[in-house]
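Colleague:
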Amino acid sequence: MNEALVWAIIFLPLMSFIFISLFIRPVLGPRSRWSSLLTSGSIGLAFILSFWALLSVWGQSFEFPSHIWFIVDEANSIQQFVMTVGIILDPLTATMLVVVTGVSLLVQVYSQGYLQDHEQKLDSSYSRYFAYMGLFTFSMLGLVTSLNLIQLFVFWELVGLSSYLLIGFWHQRPAAAAAAKKAFLVTRIGDFGFILALLYLFSKRQFFYELGLNPFEIPDIISVAPLLGSTTATWIALGLFAGAVGKSAQFPLHTWLPDAMEGPTPVSSLIHAATMVAAGVFLVTRFFPLFEASGIALIWVALIGSSTALFAATMGLVANDIKRVLAFSTVSQLGFMFIALGVGMPVVAMFHLTTHAFFKCLLFLASGSVHHSVKTFDMRYMGGLRKQLPYTYCLAFVGVLALSGIFPFAGFWSKDEILLSAWEGSHAYSFGVSQLAFWIGLIVSCLTSFYAFRMLHMTFHGEFRGGIDAIPKDLRQPYEVDEKVHLSESPWQMLVPMFLLAVLAIFAGFVLASPVQILYLPAHMFMHLFTDQDGHFHFGVALASTFASFFGIFLATVIYQLKLTKNWAFGDSFEPVRKILIQRYYFDHFYEGFIVKTIGYKGIFATSDWVDRHIIDGFADLISWFGRNTGRAFAQLQTGQLQVYGIGISLGAATIVLAYMASR
Amino acid sequence: MLTSVIFIPSVGSLLLLLVGKNPRISRLVALFFVILELILVLILFVTFDRSTTGYSFIERANWVPLFNIQYLLAVDGLSVSLVFLNAILGVVAVLISWTITEKVREYFALLLLLQTAVMGVFISMDMFLFFVFWELELIPMYFLIAKWGSGRKEYSAMKVLLFTLIGSAFMFISIIALYLSQPVADRTFDMMILAERDISGLIPYAGLISIGFLVAFAVKLPIFPFHTWLPDAHTDAPTAISVMLAGVLLKMGGYGLIRINAGLFPEQLSDLAPLLAIAAVINVLYGAFIVVRQTDIKRLIAYSSVSHMGFVVLGLSSFGGSVISTTAINGAALQLFSHGIITALLFVCAGLIYERTHTRYIPDMGGLIARMPLIGIGFIVAGLASLGLPSTSGFVAEILIFLGAYNTYPLATALCAFGVVLAAGYVLWAIQRTLFGPSLKRWADLNDASSSGKWAIALLLIPVMVIGIYPRILLDVLENSLLRIVGGLA
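Chains F and H, in that order, are what the protein sequence lines are.
Numbering-wise (the numbering used here), the first sequence opens with residue 759 and increments by one.
Numbering-wise (the numbering used here), the second sequence opens with residue 14 and increments by one.
Here it is as structure tokens:
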């Protein structure tokens, strides 16, 4: 694989963005089908190249030289700021390239069906949608290939921008506009940590220059990580981790992701489930040696990961909006990936990232397919759809099984490896934390299969409860008022990508992590791509996690299939708990109501504004008032009467004479 | 060359007074001269020798030999970048004034005169001449705000005038003191010579003299607590004047700080650096706090300028370190340019919106992007650049400042970096309230930007993106001159 081809992978989707926004949309109109063809085509080509890249990194990494973007000359060379750009192509990058382009391609195909209604009429924002998709794919591909940390940060922010644009895609809806802003802002709080890490790293540049290295080039940072000293490594690692927490929606910056579901469903599927939110996991994986050198940072990763996995899963238990359930599930599963990182197994985290991308994307696309016919995401108005949407039902079932981690679906294999790593704790910095993570992981497995099957039962089983038609007009969103239920299976553009994802959700785990060699399929293939060590399989842990999952399925089935509940809650005695969960532990109230509104807007900001108006500016006005009035007072003396002037002159002369005499 | 750069606009200004009152002709004449000026400055920008640390295009003539006052023009990289900025904004200001109907001829004559004065500030290397242009700028500014403004326009115009005059009084005393305290034989106003001399060793009270300059520039930049003229002036001025005010007039303060305080008084600046760092934090955070509360869109942009100029001050505070970072100074100079373009774009869009909706009150807006997509895109890109999004010029400038200043004042830099988070908050909130949301019925028959508006937006969008993607285009120009200025201390 040569370097130009990797650049081509990155820039192909950007070309489609530029071409659509400068040519197709203005000239051919906002509904031109060319925009979707161009984006799908360029991403398809990028996918082929990415696959080639993956094959070429088998057993080797490419080290391409960096290019100078700009330099700031300094009087002495210890200060010099050399900004380089370049490409890393190693197994990590190649895996991400394939996952991103592959999932993105499928989502593009799906979107072509999703953005037309039942009369084949295209949405008026058709071109804009595909332009943004191109921009997003470009940013994500740039992020995973970056050689330089600042280059990575540039793409990191561009990913945030694309996410902002796509969440706020229906900008005329107030909720979407608010959600887009929230996503950008909350992730930016994490990025503040990222920036501080950059600054701190640059302040250590002398250390790098003495070794002939560049403080921002990722291979250089990784190679000196063990020499940096654990305090330095800890601060840099924690700064980067803060960025990861924001982007991957981990506790306490998780609040933006559920709201991000205001975007179009294929977007939720691509960005907020499969790829962008994985950027945080990718970042920590990329800088794993730094986290290892710190040690303490790993404990933080494990603790944040496991607490998020648990919190998010509990919130998923009660949500009635199908996309919200999936959003909480995403947050929770990302927590799982951070557990894997925290216990010292980045490969396992990447493995779960990959399988999760497949089955979570599938589930979101299925929810979009359901919405396509019932026009609502509220599961209380669904039910019984297995008859009208048989294909969607089967495909969603596969996704749910994979998410629940049932043998032999993909989720089983990756989740199992995470639990096993935590249980053994052989790579963990702290065995206690690792054990804690294991038990939390086991509980979360149970919760996961519970909410997954609750979702399945509410959506597809039982009797149909009317869809959007059953919602009173005054309870609907303004844009939903004219919607009508249209019960029919979705078009092929939507089903085919889902089918392919389902195939991956069934087989990917087994193929990539099979414990024994089967025919030409090597054992633990995914593990071998990254390291020389052998993965292994522990029967006891697998049994425990399977048992936990089945327990969750059992509970969900008993409660929802046998209708032991009112209002889809667990029952009246759990009402207070349910309320806390529905309110998402009151985090949004705390952040938005208390911190932003009370302390910020009505407190500090209002005070500053008042001080500026009345004290600072008041002082300036006071001075001018003083000037004006003293001027007026002196003006009174200008009477124009010679007598007065005469008196003045004689008094003045007398004073001077007296003063002269006194001084003698 | 430089003489024509300064005086082409004023030739236009004079010609306008001759060609009669036809508004159409006046507009075209003004446009012709600003475009001519832009072409000339482009030539200057391209031919400027990027490898030299010295001055180029020197023009020298005696003016008042008795006091050794010269008509001395020259540019280095710092000047070239700001001259370029001024030339771009000159064209934008004329384009955006296309809809002015009241006393068109006089309006454009004053606008062109303003451009001359600002050019003179950036190009004069004789301190006396510099001061003349510095004061000259106030005359057109006062009338443009007081006559063509809105709201409390006379009050605001007077406020700008008084604030600046009080600041310049300090500067004037310093200029005289600096002149008189030199040995009689080689008294000079020549800033190129003065920068070579070791002023602090040569003259007494160098600290006080440098503070006199600092006050004048602090009012102009503005630095807290001298900033309250800015929101009033920006809000009440007509659009083009807000563009010029935020775009180049504030930059005169930053230019002065780098040229005189850093170039002539580096030791004194180094002593004052802790104060600058504190001022920077106050500017950035306090400014940002106030922005959030604003409901008038122009006032909102004005306060965001206060916040963003704090970054320039932060960049200069790196003079307090044992090793001065040119990275930070480069960032500060780049921020001057970048903020000039970005804020100009914000004001252009706000002005176009006001022209159509006749309101600046943010809660009355909403859903505007559906009616005016181009203006909306301009506003969004400018907003994103203002919050420091990578691939726009704002990011490059701010990251350079942070990287350079962190060694000297880590805490102040970290606090200022938090200003970027606040910026994201107020910018995105403003976008949400003005452009997004359901499109309102009362805006149903509004149009997008006219062709002059489109040109103005395009002219500003291009540099924002180009510098963001390829910052060398400007850094190459700045670098060597700034290296010389910073080298003054070593």
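Even glycine gets a Cβ: it sits at the ideal position worked out from N, Cα and C.
Which residues in the same chain as residue 230(H) place their Cβ atom closer than 6 Å to its Cβ, once the five residues preceding and following it in sequence are excluded?
Modeller: Here the question's residue 230(H) lines up with position 217 in the second sequence. Closer than 6 Å at the Cβ level, and outside the excluded window around residue 230(H), lie 266, 269, 270.
Colleague: Closer than 7 Å by beta-carbon distance: list the chain H residues that pair up with residue 947(F), in chain order.
Modeller: By 1-based counting over the first sequence, the position of residue 947(F) is 189. Near residue 947(F) (Cβ distances below 7 Å), the residues of chain H are 434.
Colleague: For residue 256(H) versus residue 361(H), is the C-beta spacing smaller than 8 Å?
Modeller: Start at 1 with the first residue of the second sequence, and residue 256(H) comes out as number 243. Start at 1 with the first residue of the second sequence, and residue 361(H) comes out as number 348. Yes, the pair counts as a contact, with Cβ atoms nearer than the cut-off.
Colleague: Going along chain F in order, which residues have a C-beta closer than 9 Å to the C-beta of residue 225(H)?
Modeller: Translated into positions along the second sequence, residue 225(H) becomes position 212. Those within 9 Å of residue 225(H) in chain F number zero; the least Cβ separation is about 19 Å.
Colleague: Is residue 842(F) helix, strand or coil when you go by DSSP?
Modeller: Sequence index remark: in the first sequence, residue 842(F) carries index 84 (1-based). Looking at residue 842(F) - three-state DSSP - the assignment turns out to be strand.
Colleague: So for residue 76(H), helix, strand or coil by DSSP?
Modeller: To locate residue 76(H), count along the second sequence from 1; it is residue 63. Correct three-state label for residue 76(H): strand.
Colleague: Which runs of the alpha helix (DSSP H), 4 residues or longer, sit entirely within the segment 351 to 397 of chain H?
Modeller: Counting whole runs of 4 or more residues, the segment 351 to 397 of chain H contains the alpha helix (DSSP H) stretches 381 to 384.
Colleague: Which residues in the same chain as residue 316(H) place their Cβ atom closer than 7 Å to its Cβ, once the five residues preceding and following it in sequence are excluded?
Modeller: Working through the second sequence from its first residue, we reach residue 316(H) at position 303. Excluding sequence neighbours, residue 316(H) sits near 244, 300, 303, 304, 307.
Colleague: Between which two residues does the beta strand (DSSP E) carrying residue 83(H) extend?
Modeller: Counting from 1 along the second sequence, the entry for residue 83(H) is found at position 70. From DSSP, the beta strand (DSSP E) with residue 83(H) extends over 82 to 88.
Colleague: Which chain B residues are close to residue 404(H), counting only those with a beta carbon under 7 Å from its beta carbon?
Modeller: Here the protein chains are F and H, and chain B is not one of them.
Colleague: When the Cα atoms are used, what is the spatial distance from residue 502(H) to residue 201(H)?
Modeller: As a first step, residue 502(H) must be located in the second sequence, where it is residue number 489. As a first step, residue 201(H) must be located in the second sequence, where it is residue number 188. Confidence at residue 502(H) is low in this model, with a pLDDT of 47, below 50, so the placement of that residue is unreliable and no value is reported for it.
Colleague: In angstroms with no decimal places, state the Cα-to-Cα distance between residue 488(H) and residue 354(H).
Modeller: Here the question's residue 488(H) lines up with position 475 in the second sequence. Here the question's residue 354(H) lines up with position 341 in the second sequence. Going by the C-alpha atoms only, they are around 16 Å apart.
Colleague: I believe residue 779(F) touches residue 796(F) by the beta-carbon criterion, under 8 Å. Please report the beta-carbon distance rounded to the nearest angstrom.
Modeller: Locating residue 779(F) in the first sequence gives position 21, where the first residue counts as 1. Locating residue 796(F) in the first sequence gives position 38, where the first residue counts as 1. Residue 779(F) to residue 796(F), Cβ: 11 Å. No contact.
Colleague: Just reading off the alpha helix (DSSP H) that residue 825(F) is part of, what are its end residues?
Modeller: Translated into positions along the first sequence, residue 825(F) becomes position 67. Note, residue 825(F): premise wrong, no alpha helix (DSSP H); beta strand (DSSP E) at 825 to 830.
Colleague: Against chain F, does residue 503(H) count as a neighbour if the rule is that its beta carbon must be under 8 Å from one of theirs?
Modeller: By 1-based counting over the second sequence, the position of residue 503(H) is 490. At residue 503(H), the pLDDT of 46 sits below 50, so the modelled position is not reliable; the number obtained from the coordinates is stated separately. By this cut-off, residue 503(H) is an interface position.
Colleague: Residue 424(H) to residue 1309(F), Cα distance in whole Å?
Modeller: Indexing the second sequence from 1 puts residue 424(H) at position 411. Indexing the first sequence from 1 puts residue 1309(F) at position 551. Near 52 Å, if we compare the C-alpha coordinates of residue 1309(F) and residue 424(H).
Colleague: Use the C-beta contact count for residue 1145(F): other C-beta atoms within 10 angstroms, 16 or more gives buried, fewer gives exposed.
Modeller: Taking the first residue of the first sequence as position 1, residue 1145(F) is located at position 387. So residue 1145(F) counts as exposed.
Colleague: I need the DSSP call for residue 452(H), collapsed to helix, strand or coil.
Modeller: Along the second sequence, one-based indexing puts residue 452(H) at 439. It is coil, neither helix nor strand.
Colleague: Taking just the CA atoms, how far does residue 213(H) sit from residue 963(F)?
Modeller: Residue 963(F) sits at position 205 when you count from the first residue of the first sequence. Residue 213(H) sits at position 200 when you count from the first residue of the second sequence. Using only the alpha carbons, I get a separation of about 33 Å.
Colleague: Taking the straight line between their C-alpha atoms, what separation do you get for residue 154(H) and residue 280(H)?
Modeller: For the purposes of this step, residue 154(H) is identified with residue 141 of the second sequence, where counting begins at 1. For the purposes of this step, residue 280(H) is identified with residue 267 of the second sequence, where counting begins at 1. For residue 154(H) and residue 280(H), the distance between alpha carbons rounds to 34 Å.
Colleague: With a CB to CB cut of under 6 Å and the five nearest residues on each side skipped, what residues in its chain are close to residue 974(F)?
Modeller: On the first sequence, position 216 is the one that residue 974(F) refers to. Only 906, 907, 908 meet the Cβ criterion.
Colleague: Just checking, does the segment 815 to 833 of chain F make contact with the segment 925 to 941 of chain F on the three C-beta pairs under 8 Å criterion?
Modeller: Because the criterion of three Cβ pairs below 8 Å is not met, the segment 815 to 833 of chain F and the segment 925 to 941 of chain F do not touch.
Colleague: I'd like the list of long-range same chain contacts for residue 1220(F), defined as Cβ closer than 7 Å, with 5 residues on each side in sequence excluded.
Modeller: Locating residue 1220(F) in the first sequence gives position 462, where the first residue counts as 1. 1141, 1142.
Colleague: Can you check the segment 876 to 903 of chain F for any alpha helix (DSSP H) of at least 4 residues that lies completely inside it and give the ranges in chain order?
Modeller: 884 to 903, all fully within the segment 876 to 903 of chain F.
Colleague: Is any beta-carbon of chain F found at less than 8 Å from that of residue 456(H)?
Modeller: Counting from one through the second sequence, the residue named residue 456(H) turns up at place 443. No, because no Cβ of chain F sits closer than 8 Å to the Cβ of residue 456(H).
Colleague: So, at 6 Å on beta carbons, what are the nonlocal neighbours of residue 130(H) in its own chain, with the 5 sequence-adjacent residues on each side left out?
Modeller: Looking up residue 130(H) in the second sequence gives position 117. If we look at residue 130(H) and ignore the five residues flanking it on each side, its Cβ neighbours are 146, 149, 150.
Colleague: Hey, how far is the Cα of residue 722(F) from the Cα of residue 1076(F)?
Modeller: Absent from the structure is residue 722(F), since the part of chain F shown begins at 759 and ends at 1422.
Colleague: Against residue 437(H), what residues of chain F qualify as contacts under a CB-to-CB distance less than 8 Å, listed in chain order?
Modeller: One-based indexing of the second sequence puts residue 437(H) at position 424. The answer, in chain order, is 942, 943, 946.
Colleague: Which two residues bound the contiguous alpha helix (DSSP H) that contains residue 265(H)?
Modeller: Looking up residue 265(H) in the second sequence gives position 252. Residue 265(H) -> alpha helix (DSSP H) spans 263 to 269.
Colleague: Hey, how far is the Cα of residue 1002(F) from the Cα of residue 1013(F)?
Modeller: Position 244 of the first sequence, counted from the first residue, corresponds to residue 1002(F). Position 255 of the first sequence, counted from the first residue, corresponds to residue 1013(F). Cα-Cα distance, rounded: 14 Å.
Colleague: Is the CB-CB distance between residue 732(F) and residue 1094(F) below 8 Å?
Modeller: An answer regarding residue 732(F) cannot be provided, because it is not within the stretch 759 to 1422 covered by chain F.
Colleague: State the start and end residues of the unbroken alpha helix (DSSP H) segment that holds residue 1019(F).
Modeller: As a working note, residue 1019(F) is residue 261 in the first sequence. Looking at the DSSP string, residue 1019(F) is not in any alpha helix (DSSP H), and its letter there is neither H nor E.
Colleague: Using a Cβ-Cβ cut-off of less than 7 Å, list which residues of the segment 1210 to 1235 of chain F approach chain H; keep chain order.
Modeller: Listed in sequence order: no entries.
Colleague: Please list the partners that residue 1020(F) has in chain H, where partner means a Cβ-to-Cβ separation under 9 Å.
Modeller: Counting from one through the first sequence, the residue named residue 1020(F) turns up at place 262. Correct list: empty, because the minimum Cβ distance to chain H is about 12 Å.
Colleague: Under 8 Å between the Cβ atoms of residue 767(F) and residue 855(F)?
Modeller: Here residue 767(F) refers to the residue found at position 9 when the first sequence is read from its first residue. Here residue 855(F) refers to the residue found at position 97 when the first sequence is read from its first residue. Closer than 8 Å, so yes.
Colleague: Answer with yes or no whether the minimum CB distance from residue 427(H) to chain F is below 8 Å.
Modeller: Here the question's residue 427(H) lines up with position 414 in the second sequence. True, the Cβ-Cβ gap to chain F drops below 8 Å.
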